[in-house]
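Here's the structure, in C-alpha coordinates; my notes come after.
Residue numbers (the working numbering): 41 to 167.
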(Lines of atoms letter the chains of each structure in order from A and count residues from 1; the text may use other names and numbers.)
(Lines give C-alpha, C1' and ligand atoms only; values in the text may rest on other atoms or scores of the structure.)
Protein backbone atom coordinates (compact mmCIF):
# COMPACT_ATOMS: atom_id res chain seq x y z
CA UNK A 1 0.00 0.00 0.00
CA UNK A 2 1.12 3.58 -0.43
CA UNK A 3 1.85 6.03 2.40
CA UNK A 4 -1.60 7.65 2.24
CA UNK A 5 -3.34 4.30 2.55
CA UNK A 6 -1.04 3.24 5.39
CA UNK A 7 -1.83 6.42 7.34
CA UNK A 8 -5.56 5.97 6.74
CA UNK A 9 -5.28 2.47 8.17
CA UNK A 10 -3.26 3.77 11.12
CA UNK A 11 -5.90 6.43 11.85
CA UNK A 12 -8.62 3.79 11.75
CA UNK A 13 -6.83 1.25 13.96
CA UNK A 14 -4.95 3.38 16.48
CA UNK A 15 -7.22 5.30 18.82
CA UNK A 16 -4.24 7.02 20.46
CA UNK A 17 -2.85 8.70 17.32
CA UNK A 18 -4.32 12.14 16.60
CA UNK A 19 -2.18 13.27 13.63
CA UNK A 20 0.57 11.57 11.68
CA UNK A 21 2.99 12.20 8.85
CA UNK A 22 5.33 9.97 6.82
CA UNK A 23 8.58 11.39 5.45
CA UNK A 24 10.98 10.03 2.86
CA UNK A 25 14.72 9.71 3.44
CA UNK A 26 15.26 13.36 2.47
CA UNK A 27 12.64 14.61 4.95
CA UNK A 28 9.95 15.43 2.40
CA UNK A 29 6.34 14.68 3.28
CA UNK A 30 5.01 11.56 1.55
CA UNK A 31 1.61 11.66 3.28
CA UNK A 32 -0.10 13.15 6.29
CA UNK A 33 -3.42 12.78 8.07
CA UNK A 34 -4.17 16.50 8.12
CA UNK A 35 -3.26 19.91 6.82
CA UNK A 36 -0.37 20.35 9.25
CA UNK A 37 1.97 17.76 7.72
CA UNK A 38 4.78 20.23 7.09
CA UNK A 39 4.67 21.62 10.65
CA UNK A 40 4.60 18.13 12.15
CA UNK A 41 7.46 17.03 9.91
CA UNK A 42 9.60 19.99 11.05
CA UNK A 43 8.92 19.15 14.70
CA UNK A 44 9.81 15.51 14.07
CA UNK A 45 13.06 16.29 12.29
CA UNK A 46 14.01 18.84 14.96
CA UNK A 47 13.38 16.26 17.69
CA UNK A 48 15.54 13.67 15.92
CA UNK A 49 18.31 16.22 15.42
CA UNK A 50 18.23 17.26 19.08
CA UNK A 51 18.30 13.63 20.20
CA UNK A 52 21.23 12.94 17.87
CA UNK A 53 23.22 15.80 19.40
CA UNK A 54 23.09 14.14 22.83
CA UNK A 55 25.35 11.28 21.72
CA UNK A 56 26.71 12.06 18.24
CA UNK A 57 28.87 8.94 18.13
CA UNK A 58 25.88 6.66 18.79
CA UNK A 59 24.70 6.76 15.16
CA UNK A 60 21.30 7.50 13.70
CA UNK A 61 18.40 8.08 16.09
CA UNK A 62 15.67 5.56 15.30
CA UNK A 63 13.09 6.51 17.92
CA UNK A 64 12.32 9.60 19.97
CA UNK A 65 9.32 10.61 21.99
CA UNK A 66 8.20 13.53 24.09
CA UNK A 67 5.28 13.37 26.47
CA UNK A 68 3.61 16.49 27.83
CA UNK A 69 0.48 16.97 29.91
CA UNK A 70 -1.49 17.80 26.74
CA UNK A 71 -0.16 14.88 24.69
CA UNK A 72 2.87 13.37 23.05
CA UNK A 73 5.03 13.40 19.94
CA UNK A 74 6.46 10.10 18.71
CA UNK A 75 9.01 9.80 15.91
CA UNK A 76 10.33 6.55 14.42
CA UNK A 77 12.84 6.12 11.62
CA UNK A 78 13.12 2.84 9.76
CA UNK A 79 13.98 1.67 6.27
CA UNK A 80 14.76 5.13 4.93
CA UNK A 81 11.46 6.58 6.08
CA UNK A 82 10.33 8.51 9.14
CA UNK A 83 6.91 8.55 10.75
CA UNK A 84 5.78 11.06 13.34
CA UNK A 85 2.55 11.19 15.28
CA UNK A 86 0.90 13.24 17.96
CA UNK A 87 -1.22 11.68 20.68
CA UNK A 88 -3.50 12.78 23.46
CA UNK A 89 -2.44 12.75 27.12
CA UNK A 90 -1.01 9.60 28.73
CA UNK A 91 -0.39 7.49 25.62
CA UNK A 92 0.73 3.89 25.91
CA UNK A 93 4.23 4.39 24.50
CA UNK A 94 4.89 0.81 23.48
CA UNK A 95 1.57 0.48 21.69
CA UNK A 96 1.96 3.78 19.83
CA UNK A 97 5.49 2.82 18.75
CA UNK A 98 4.22 -0.59 17.59
CA UNK A 99 1.40 1.01 15.58
CA UNK A 100 3.79 3.49 13.94
CA UNK A 101 6.32 0.79 13.09
CA UNK A 102 3.56 -1.39 11.62
CA UNK A 103 2.40 1.55 9.51
CA UNK A 104 5.92 2.13 8.16
CA UNK A 105 6.37 -1.54 7.37
CA UNK A 106 3.05 -1.60 5.51
CA UNK A 107 4.25 0.93 2.95
CA UNK A 108 5.43 -0.72 -0.24
CA UNK A 109 8.95 -0.04 -1.34
CA UNK A 110 9.19 1.79 -4.66
CA UNK A 111 11.58 -0.88 -5.90
CA UNK A 112 9.09 -3.62 -5.10
CA UNK A 113 6.53 -1.99 -7.39
CA UNK A 114 8.81 -2.20 -10.42
CA UNK A 115 8.44 -5.30 -12.51
CA UNK A 116 11.47 -7.31 -13.35
CA UNK A 117 12.05 -7.92 -17.00
CA UNK A 118 13.59 -11.14 -18.14
CA UNK A 119 15.83 -11.45 -21.12
CA UNK A 120 15.12 -13.92 -23.83
CA UNK A 121 17.79 -16.61 -23.96
CA UNK A 122 20.27 -16.19 -26.77
CA UNK A 123 19.94 -18.72 -29.53
CA UNK A 124 23.03 -20.72 -30.36
CA UNK A 125 24.59 -19.32 -33.51
CA UNK A 126 26.19 -22.61 -34.54
CA UNK A 127 23.00 -24.70 -34.49
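Cβ atoms here follow ideal geometry from the backbone N, Cα and C, with glycine treated the same way. Quick caveat: nothing in here was measured; it's all calculated off a predicted structure.
Select from the options the residue whose C-alpha is nearest the C-alpha of residue i.
i, options, result
"residue 114", "52, 82 and 48", "82"
"residue 90", "58, 135 and 106", "106"
"residue 138", "54, 48 and 108", "54"
"residue 119", "136, 92 and 143", "143"
"residue 64", "80, 121, 146 and 145", "121"
Hey, would you say residue i sits closer than 7 Å to residue j, going by beta carbons?
i, j, result
"residue 43", "residue 71", "yes"
"residue 85", "residue 101", "no"
"residue 104", "residue 60", "no"
"residue 108", "residue 141", "no"
Assign residue i to one of three DSSP states: helix, strand, or coil.
i, result
"residue 101", "coil"
"residue 65", "coil"
"residue 71", "strand"
"residue 119", "coil"
"residue 77", "helix"
"residue 132", "coil"
"residue 93", "helix"
"residue 60", "strand"
"residue 84", "helix"
Out of curiosity, what's the CA-to-CA distance linking residue i and residue j?
i, j, result
"residue 67", "residue 56", "24 Å"
"residue 123", "residue 97", "23 Å"
"residue 78", "residue 69", "7 Å"
"residue 148", "residue 92", "28 Å"
"residue 46", "residue 127", "17 Å"
"residue 145", "residue 95", "27 Å"
"residue 74", "residue 49", "14 Å"
"residue 76", "residue 58", "12 Å"
key: contact_flag[the stretch 106-113, the stretch 122-133] where n(CB pairs < 8 Å) is 3 or more   = Taking a contact to require three or more Cβ pairs closer than 8 Å, the stretch 106-113 and the stretch 122-133 qualify as touching.
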